[in-house]
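So the sequence shown is numbered by this note's numbering: it starts at 3 and just counts up by one. Glycine included, each C-beta is placed from N, C-alpha and C at the ideal position. Input: a single structure, listed below in structure tokens.
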Amino acid sequence: MSDIAERLKKIVVEHLGVDADKVTENASFIDDLGADSLDNVELVMAFEEEFGVEIPDDAAEKILTVKD
3 MSDIAERLKK IVVEHLGVDA DKVTENASFI DDLGADSLDN VELVMAFEEE
53 FGVEIPDDAA EKILTVKD
């Protein structure tokens, strides 16, 4: 897993309180990791902060897995 993927995984583990081994590139935040829509918004905000970028709302809606 790349450094970026590892950083994303760490954020997901911290925000959702799930085991790191459950966070795979294809794991759905909602279906596999138990996130809700508010969790998804908070994850996107955490990703933006970690990487110093702004993710447009239309793109943020498509972020459903670590791979996305």
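| Rounded C-beta distance between E16 and V68? I'm assuming under 8 Å. | So it is not a contact: roughly 13 Å between Cβ atoms.
| Got a sec, what are the start and stop residues for the alpha helix (DSSP H) L10 sits in? | Per DSSP, L10 is one residue of the alpha helix (DSSP H) stretching across D5 to L18.
| message | Measuring alpha carbon to alpha carbon, tell me which residue in G54, A48, E63 and I57 is nearest K11. | response | Of G54, A48, E63 and I57, the residue nearest in Cα terms is A48.
| message | Checking 9 Å against the spacing of the C-beta atoms, do N42 and I57 come in under that value? | response | The Cβ atoms of N42 and I57 do not sit closer than 9 Å to each other.
| field | When A62, A61 and E52 are compared against D5, the one with the closest alpha-carbon | value | Minimum Cα distance to D5 is reached at E52.
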